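Under this note's numbering, the first residue of the sequence shown is numbered 216, with each subsequent residue one higher. C-beta atoms are modelled at their ideal positions from N, C-alpha and C, and glycine is treated no differently. Computed from a predicted model, the values in this text were never measured in an experiment.
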Amino acid sequence: MEKIKRRTALASLGSLMTAPVLEKGEFVQAPYQIKKTTLKTDILVIGGGTAGVIAAIQAGRAGRKTILVENGSQLGGTTTTGGVAFPGIFFAWGKQVISGIGWELVQSAVAMNDDTLPNFSIPHGRNHPRHQVRLNGQLYALLIEEKCVEAGVQIRFYETPTKITPQKNGWLVQTMGKGVIAEITCNQLIDCTGNAFATSLAGFPVLREAETQPGTLMFQIGGYDLKTLDVKLIQQRYQEALAKGELVKADFRNNIVGLLRSAGDNISHVLGADATTSETHTVANLKGRKSLLDTLRFLRTLPGLEKTHLIDMQNETAVRETYRIDGHYKITHEDYVTGKMFDDSVSYSYYPIDVHDENGVVPDHLKEGIVPTVPLRALIPKNSRNFMVAGRCVSSDRLANSALRVQASCMGMGQAAGATAVLANLQNKTPLEVSMKDIRQLLEEHGGIVPKV
């Protein structure tokens with residue numbers, strides 16, 4: 216009797232799941248069925264973050280059919296969803312070294328928000344944030360989406376690759392999203408996931424450190440007057456809370472006063488933050504939010520901070536370091552700090568060596584006049600064809616990557632990858648076969664600054 220009841224219940228549940236839905240007075244088929252679609256494109260960019268957006272726009276503006284797959288709800292990655300809305304650095308030693316599509320979009324966001332660019336003619340000294348450009352991140356998200364659409368890029372939000380298979384002249388990529396499975400055939404594939412996720416799915420080796428840099432949850436707090444606070448008392452209570460295990464010193468770099476001074480701007484540290492999979496990113500988000508909530512409750516117990524409140528918080532923890540590709544060339548720390556010029560340099564990078572750990576960060580600034588470059592070979596996995604990367608998964612050692620990973624550098628790499636993929640598609644070649652002369656010419660036609668060998 217029990218088996219019959221269970222069977223009947225399951226049958227009823229099944230009928231509910233497939234029953235027609237009443238819509239505007241008429242029955243229609245239930246919308247929750249998985250739709251399968253087949254697409255074909257010249258260039259597929261996976262990851263719509265800092266580098267991916269620029270790569271896709273470059274490819275679209277150069278006349279190639281381009282699809283951009285992004286597993287989130289908006290473009291821009293670290294700049295928008297991550298909340299690190301201060302890209303840099305575009306100028307080195309009084310001269311612009313990164314321009315092109317990325318700089319165009321940054322300028323558009325500055326102008327539309329009536330913001331002001333830094334005075335790049337004044338040296339930043341040991342305070343490089345002076346040359347970072349403060350943006351309205353959500354406005355930037357709107358503008359870059361518009362530019363992608365104008366360039367003819369097909370954007371596919373909420374999708375992630377599940378299988379990548381080599382074809383005779385390109386790749387077959389299966390993606391899955393809300394209610395859809397897509398099979399996308401492309402000639403050239405660009406991995407801009409930041410985690411080398413597509414590279415790994417395609418079967419190429421990836422590199423990772425035993426211990427990675429902490430992530431950051433960006434937020435803003437208010438409701439207090441810093442000038443009136445008893446800093447000594449706050450420090451004392453903070454140390455007591457650490458000793459009791461109520462707070463963790465690494466969460467805010469053991470600097471509670473620094474947290475109050477910054478009001479939450481780029482001060483959080485989430486140890487072990489990893490954005491590679493939904494599971495690991497979930498853990499990073501939970502850790503970052505718990506740390507913020509615990510600290511907010513603590514602050515509200517202190518004199519002068521009773522009305523401290525949360526003004527804003529990003530949707531997710533931004534991540535600095537996960538996987539990198541094993542490319543045809545690995546950029547070393549020595550390459551970076553000496554500004555090595557390669558025969559196949561396609562873009563510049565400019566930023567101090569910037570490795571975060573549980574104690575914070577002490578940037579190691581470049582010597583005057585040094586401007587590092589990125590070779591094309593570092594954007595191409597070994598033994599690959601019709602495959603490139605751009606962004607922080609560039610082939611590099613850990614120290615070099617700590618500087619290469621920043622937004623302006625990723626924009627430069629993104630445009631270089633997009634231009635190279637366009638030419639490879641047009642000429643029926645793999646990226647390493649495309650002439651540097653052609654790549655540099657196309658980049659300059661679209662406003663890019665190319666290192667002069």
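{"query": "Cross-strand partners of H203 (DSSP beta bridge)", "result": "Summary: the structure shown does not reach residue 203, with the chain confined to residues 216 through 668, and so no result is reported for it."}
{"query": "Distance between beta carbons of A490 and V421, contact taken as under 8 Å", "result": "With a Cβ gap of about 14 Å, V421 and A490 do not count as contacting."}
{"query": "Secondary structure of L501, DSSP reduced to three states", "result": "helix"}
{"query": "Which residues DSSP lists as bridging S562, in chain order", "result": "V589"}
{"query": "Residue environment, T252, which counts as buried when at least 16 other CB atoms sit within 10 Å", "result": "exposed"}
{"query": "Distance, V589 Cα to F557 Cα", "result": "8 Å"}
{"query": "P567 beta carbon less than 9 Å from that of H484", "result": "no"}
{"query": "R655, enclosing beta strand (DSSP E) - first and last residue", "result": "R655 -> not in any beta strand (DSSP E); alpha helix (DSSP H) instead, spanning 651-660."}
{"query": "Whole alpha helix (DSSP H) elements within the stretch 366-416, 4-residue minimum", "result": "412-416"}
{"query": "Proximity of V197 and L581 at Cβ, strictly below 9 Å", "result": "Residue coverage of the chain in this structure runs from 216 to 668, which leaves residue 197 outside it and unanswerable."}
{"query": "Three CB pairs or more closer than 8 Å across the stretch 405-424 and the stretch 598-610", "result": "yes"}
{"query": "Rounded separation between R349 and V325 - CA only", "result": "8 Å"}
{"query": "Cut-off 8 Å between Cβ atoms - residues of its own chain near S336, not counting five sequence neighbours on either side", "result": "G309"}
{"query": "Expected contact under 8 Å - CB spacing of I359 and L320 to nearest Å", "result": "6 Å"}
{"query": "DSSP bridge partner residues for R423 (one or two, in chain order)", "result": "Y538"}
{"query": "Coarse secondary structure for V673, derived from DSSP in three states", "result": "Look at the range of the chain in this structure, 216 to 668, and you will see that residue 673 is not part of it."}
{"query": "Test item: CB-CB of A307 and G629 under 9 Å", "result": "no"}
{"query": "Limits of the beta strand (DSSP E) - the one that K251 falls within", "result": "250-261"}
{"query": "Sub-9 Å separation of S617 and E549 beta-carbons", "result": "no"}
{"query": "Classification of A417 by the beta-carbon crowding that lies within 10 angstroms, buried from 16 upward", "result": "buried"}
{"query": "Distance between G627 and V570 (C-alpha atoms, nearest Å)", "result": "21 Å"}
{"query": "Length of the line joining the Cα atoms of L190 and L457", "result": "Coverage of the chain is limited to positions 216 through 668, which leaves residue 190 absent and any answer about it impossible."}
{"query": "Nearest-angstrom Cα separation, counted from G298 out to D509", "result": "21 Å"}
{"query": "Cβ-Cβ separation, H543 to I182 (assumed contact under 8 Å), whole Å", "result": "Residue 182 is absent from the model: the chain starts at 216 and stops at 668."}
{"query": "C-alpha distance - F602 paired with Q403, whole-angstrom precision", "result": "6 Å"}
{"query": "The alpha helix (DSSP H) enclosing T635, as first and last residue numbers", "result": "622-642"}
{"query": "8 Å contact criterion, which A593 and I546 should meet: CB distance rounded", "result": "5 Å"}
{"query": "Cutoff 6 Å; reference G367; Cβ partners in own chain excluding five residues on either side", "result": "G275"}
{"query": "From D466, P646, T400, M391, residue whose alpha carbon lies closest to that of R600", "result": "P646"}
{"query": "6 Å Cβ shell around G662 - same chain, five flanking residues per side excluded", "result": "S314, G315"}
{"query": "Buried versus exposed, by CB contacts within 10 Å (16 or more), R655", "result": "buried"}
{"query": "Expected contact under 8 Å - CB spacing of N500 and T532 to nearest Å", "result": "5 Å"}
{"query": "Secondary structure of E241, DSSP reduced to three states", "result": "strand"}
{"query": "Beta-carbon proximity check, N481 vs N574, cutoff 9 Å", "result": "no"}
{"query": "Selected residue, minimal CA-CA separation from L657, among Q642, P302, A631, K667", "result": "A631"}
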